[in-house]
Amino acid sequence: MKNLVVNPVLNKEFKLRFRSFKSYLGVLFYLLALGLIIVGFIFIESLSNNMQGFFKPEQSRTMFMVLSILQLGLILFITPGLTAGVISSERERQTLNILLTTTQSSSSIILSKLISSISYLILLIAASLPLYSFVFLFGGISPGQLLTTMGFYLFTIVVYGSIGVLFSTLIRKTIVSMVTTYGVTLFLAGGTAFLALIFMQLTNAYGYTGTQPTNPLAYFPAMLNPVIILMSTFEPEMTNEITRSTGIEFPLWMSYLISYTLIFIGAVLLSIKKLRPNMKKR
-7 MKNLVVNPVL NKEFKLRFRS FKSYLGVLFY LLALGLIIVG FIFIESLSNN
43 MQGFFKPEQS RTMFMVLSIL QLGLILFITP GLTAGVISSE RERQTLNILL
93 TTTQSSSSII LSKLISSISY LILLIAASLP LYSFVFLFGG ISPGQLLTTM
143 GFYLFTIVVY GSIGVLFSTL IRKTIVSMVT TYGVTLFLAG GTAFLALIFM
193 QLTNAYGYTG TQPTNPLAYF PAMLNPVIIL MSTFEPEMTN EITRSTGIEF
243 PLWMSYLISY TLIFIGAVLL SIKKLRPNMK KR
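Positions -7 to 274 (my numbering) are the ones given, in order, by the sequence shown.
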């Protein structure tokens, strides 16, 4: 296991990603942007609704939800850009063949590329934790909710990172791999929400017969949507509404966990298999 994770490929990638001045600037501007959003939200909410400059715990919870969804959006936007070229860029620089001739196995190369590419995102998430002290300052959020959100971020980063590595392995051109990865990410983040909404609207359209109709089709796109899952952790009523509309009582977050775990395993295994497509056993 030690040789699988800690290896020269991973060490080289860490040095390239964290020793550049751009990495520090990225963390700086990321934290400045989040800090300005928090301060701006507090300022606007304290002056609205005739509150005379007060900021209530209920609004602190709203601020936490806005900040969490914003960070999720940044994760979904940044992850494909960091992972969709990790293998194809090596192929374009004609260094992939050299990498394959080393003693590193295919699994070691794929996992090293995945870990190194998502490590910067994990650094951004960890660096933003002190900003959540504003939320705890005004109350309304428990530490358990914060830990749950951070764990959700980490899990989502790993899965979407594995999708980017998969397309980077399958597609020779980095730009095509990146476009494909962004397309899949857009479908999982936006397309599934649109499909779930359409199915639920169709269910409600036939709900005037005196009985509560159910349509299980809305459950399946909803369980793949990270935004819906994150919102359901804040608003349990959303999960209850989906359960009433679909008739499926299995927890939505559990379906998300199972389906995305299968996606991660499939993407990693396929990337490992396709890294050396011309090597056949005789």
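Even for Gly, the Cβ is constructed at its ideal location relative to N, Cα and C.
*Taking the C-alpha atoms as reference points, what is the distance between residue 99 and residue 173?*
The alpha-carbon atoms of residue 99 and residue 173 are separated by roughly 21 Å.
*Near the ligand MG: residue 247 beta-carbon under 7 Å from a heavy atom*: Looking at this structure, you won't find the ligand MG or any other ligand, since it has none at all.
*Span of the alpha helix (DSSP H) holding residue 207?*
Per DSSP, residue 207 belongs to no alpha helix (DSSP H) and is neither H nor E.
*Give the straight-line distance between the Cα atoms of residue 201 and residue 194, rounded to the nearest whole angstrom.*
Reliability fails at residue 201, whose pLDDT of 48 lies under 50, so the model's placement of it is uncertain and no value is given.
*Skipping 5 residues on each side, what residues in its chain have a beta carbon closer than 8 Å to that of residue 112?*
Short of 8 Å from the beta carbon of residue 112, and not among the five residues preceding or following it, lie these beta carbons of its own chain, in chain order: 9, 10, 15, 18 and 74.
*asked:* Does residue 125 come out as helix, strand or coil in the three-state DSSP assignment?
replied: helix
*For the segment 59 to 66 and the segment 154 to 161, state whether three or more C-beta atom pairs, one from each stretch, are separated by less than 8 Å.*
no
*Would a C-beta distance cut-off of 8 Å place residue 217 and residue 259 closer than the cut-off?*
no
_Taking the alpha helix (DSSP H) that residue 98 belongs to, which residues open and close that run?_
98 to 119
*Per DSSP, what kind of secondary structure is residue 137 in: helix, strand or coil?*
Note: residue 137 maps to helix in three-state DSSP.
*Check residue 95 in the structure and name its three-state DSSP category.*
coil
*Should residue 39 go down as buried or exposed, given a rule of 16 or more other Cβ atoms within 10 Å for buried?*
exposed
_Supposed close pair residue 164, residue 263 - CB separation, criterion 8 Å_ = So it is not a contact: roughly 14 Å between Cβ atoms.
_Which residue marks the beginning of the alpha helix (DSSP H) containing residue 76, and which one marks its end?_
Counting along the chain, residue 76 sits inside no alpha helix (DSSP H), nor does DSSP assign it H or E at all.
*If we ignore side chains and look at the alpha-carbon of each, how far apart do residue 267 and residue 77 end up?*
14 Å
*Do you know whose CA, among 206, 213, 30 and 239, lies nearest residue 180's CA?*
When 206, 213, 30 and 239 are compared, the shortest CA-CA separation from residue 180 is found for 213.
*Indicate whether the contact test is met: 3 or more Cβ pairs, each with one atom in the segment 79 to 96 and one in the segment 131 to 140, closer than 8 Å.*
no
_Sub-8 Å separation of residue 123 and residue 23 beta-carbons_ = Against a cut-off of 8 Å, the Cβ pair of residue 23 and residue 123 comes out as a contact.
*At what residues does the alpha helix (DSSP H) containing residue 243 begin and finish?*
No alpha helix (DSSP H) holds residue 243; DSSP gives it neither H nor E.
*Can you tell me the Cβ-Cβ gap for residue 68 and residue 152, rounded? I've got them flagged as a contact below 8 Å.*
7 Å
*asked:* Going by C-alpha to C-alpha distance, which of 154, 207 and 236 sits closest to residue 253?
replied: 154
*asked:* Taking the alpha carbon of residue 167 as the reference point, which residue from 28, 21, 72 and 20 has its own alpha carbon closest?
replied: 72
*Hey, residue 127 and residue 12: beta-carbon distance below 8 Å or not?*
no
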